[in-house]
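Using the UniProt record's numbering, read the sequence shown as starting at 1 and increasing by one per residue. Here's the structure we're looking at; comments come further down.
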Amino acid sequence: MGAYTFTDKSTASVAPSRLFKALVIDFNNIVSKLAPDVKSIENVEGDGGAGTIKKMTFVEGGPIKYMKHKIHVIDEKNLVTKYSLIESDVLEGKAESVDYDGKFEASADGGCVCTTVTVYNTKGDYVVTEEEHNVHKDKANDLLKAIEAYLLANPSVCV
């Protein structure tokens, strides 16, 4: 078993508190509206806070059937979140889990810098390459940009 760590930064032109609310607090509602490949998002355990397990089910025919995430930390004051991908068909044979630590900080232009540390806890001798990580990072960035566009078009959402 190995642990492969990647640190990424993304930027958005909305305030960090709004982006945090959209991506963390109101995740189920916002992502359900903006991700056409997501069939449903539900809290299978918990109320949305620390300890909650969320299940995302994807539309049939796609590369992923489902994902389960466990939320460890939601710190609205410091705009920090920690959660893990604990179950998914994409993990099979590759990883036990994937841990994410996210921090949302103000940028000089009034927008946001999102820093994410991703740790892949692999099975056996499986190695996560930078190219493989970049595929996942690009999908996350696509979602971030969709949420950013939604927030810019709807200034009263997540204020």
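For each residue, glycine too, the CB sits at the ideal point set by N, CA and C. Bear in mind that the values here come from a model prediction, so they are computed numbers and not experimental data.
- For ASP8, the enclosing beta strand (DSSP E) starts and ends at 3-12.
- The residue among ILE30, THR115, ALA95 and VAL24 with its C-alpha nearest the C-alpha of ILE71 is VAL24.
- DSSP places LEU91 in the coil class of the three-state scheme, outside both helix and strand.
- Restricting attention to ALA106, GLU132, TYR150 and LYS123, the CA atom closest to the CA of SER10 is found in ALA106.
- Remark: fewer than three beta-carbon pairs, one from each stretch, lie closer than 8 Å, so the region 28-35 and the region 116-130 are not flagged as touching.
- Taking all protein chains shown into account, MET1 has fewer than 16 neighbouring C-beta atoms within 10 Å of its C-beta and is therefore exposed.
- Note that the region 47-59 does not touch the region 102-116; fewer than 3 beta-carbon pairs, one per stretch, sit closer than 8 Å.
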